[in-house]
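Right, one structure below, let's go through it.
Residue numbers (this note's numbering): 953 to 1272.
What follows is the structure, encoded as structure tokens:
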């Protein structure tokens, strides 16, 4: 990955000559220099631009600018490396970090790793690896408003719970309050999810591209809009499952192989949270072998020992 990052520098800045000190942890020997070339067009040129004094001034200015930018990038590399963050890998994934001021990066790090937020460095490194935008987002106009929104409007109960929410869904820190978080909060509240602080992972989801299409899917099965929305109110995690990889194969098995009415999932949408191969199929096959039919919650929610005891007990009673 570091080689790819170096390739990124090479393709972005053609003149790479200047060397920087070796950092043993990053294992590289030459840090790329930035090259800025003045306009060499001959049109409308005058003797002023050809004079030795002007040429020397341009050369000096270009050299100074290049050295300043190189120094800034090198300082960021050293600083992030001291935190255990691989700068070269990170800019390959998120190039805007290259032009972000070191002072801005330090402000974000200080805010997130000192009281009251107080993430450990290990947790902070994980946040950055999953959401590199954290380091380039303006602290006062973006990151602090996101934190404030989660605490005040969403109702996250404490700083401890806030850290838990961000560990679970670091991408929250990349979302706009006005254009993403607040509209999604209002949508969840409209369908009856009145404890959004327990489901903050949903706030980074697009209403139009993710949440609404999942409700629409169940409407197409014949459920009313109200009934479909009630399923998600009862089990908000249902929004996180894929239509093609979760809903469709599990519904197909429910109706075709198990011979059950699709309306059973209205009362038990948690059905979609169980593994088709490791829980649903084996439990159904075990029931079918005994000629027993349980309600979905009884068949799926109990642990293996409890399920076997219930199955044997029901089967023995049936034989009598």
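For glycine and all other residues, C-beta sits at the position ideal for the given N, C-alpha and C.
- Taking every protein chain shown into account, the CB of residue 1090 has fewer than 16 other CB atoms within 10 angstroms, so this residue is exposed.
- Our two residues, residue 1065 and residue 1071, have alpha carbons roughly 5 Å apart in a direct line.
- For residue 1164, the enclosing alpha helix (DSSP H) has its first and last residue at 1164-1172.
- In the pairwise beta carbon analysis, the segment 1223-1243 is classified as touching the segment 1188-1206: at least three pairs are separated by under 8 Å.
- Here residue 1044 is buried: its Cβ has 16 or more other Cβ atoms, across all protein chains shown, within 10 Å.
- About 5 Å separates the CB atoms of residue 1083 and residue 1126; that is less than 8 Å, so the two are in contact.
- For residue 1097, the enclosing alpha helix (DSSP H) has its first and last residue at 1096-1104.
- Annotation: residue 1020 to residue 1026 spans about 10 Å, alpha carbon to alpha carbon.
- When secondary structure is reduced to three states using DSSP, residue 1033 falls in the helix class.
- Under the three-state reduction of DSSP output, residue 1146 falls in the coil class, being neither helix nor strand.
- Here residue 1142 is exposed. Its C-beta has fewer than 16 other C-beta atoms within 10 Å.
- In the three-state DSSP reduction, residue 1107 falls in the coil class, being neither helix nor strand.
- At the C-beta level, residue 1122 and residue 1079 come within 8 Å of one another.
- Contact check for residue 1188 against residue 1236 fails: the beta carbons are separated by 8 Å or more.
- The residue among 1138, 1153, 1053 with its C-alpha nearest the C-alpha of residue 1120 is 1153.
- From the listed residues 1085, 1088, 1061, the smallest Cα separation to residue 1074 is found for 1061.
- Rounded to the nearest angstrom, the gap between the Cα atoms of residue 1266 and residue 1256 is 15 Å.
- Judged by DSSP in its simplified three-state form, residue 1134 adopts helix.
- Rounded to whole angstroms, residue 1038 and residue 1029 show a C-alpha spacing of 8 Å.
- Residue 1184 and residue 1149 have their C-alpha atoms some 16 Å from each other.
- The C-beta of residue 1117 has 16 or more other C-beta atoms within 10 Å across all chains shown, which makes the residue buried.
- The beta carbon of residue 1140 sits closer than 6 Å to those of 1148, all from its chain and outside the five residues before and after it, given in chain order.
- For residue 1092, the three-state secondary structure derived from DSSP is helix.
- Membership of residue 1225 in any alpha helix (DSSP H) is not indicated, and neither H nor E is assigned to it by DSSP.
- Within its own chain, the residues whose Cβ lies closer than 7 Å to the Cβ of residue 1054, once the five positions on either side in sequence are excluded, are 1024, 1027, 1028, 1031, listed in chain order.
- Boundaries for residue 1127: no alpha helix (DSSP H) harbours it, and the DSSP string shows neither H nor E there.
- For residue 1235, the enclosing alpha helix (DSSP H) has its first and last residue at 1233-1242.
- Taking a 10 Å sphere around the C-beta of residue 1180, we find 16 or more other C-beta atoms and assign the residue as buried.
- The beta carbon of residue 1216 sits closer than 6 Å to those of 1248, all from its chain and outside the five residues before and after it, given in chain order.
- The Cβ neighbour count for residue 1223, taken over all protein chains shown within 10 Å, is at least 16; the residue is labelled buried.
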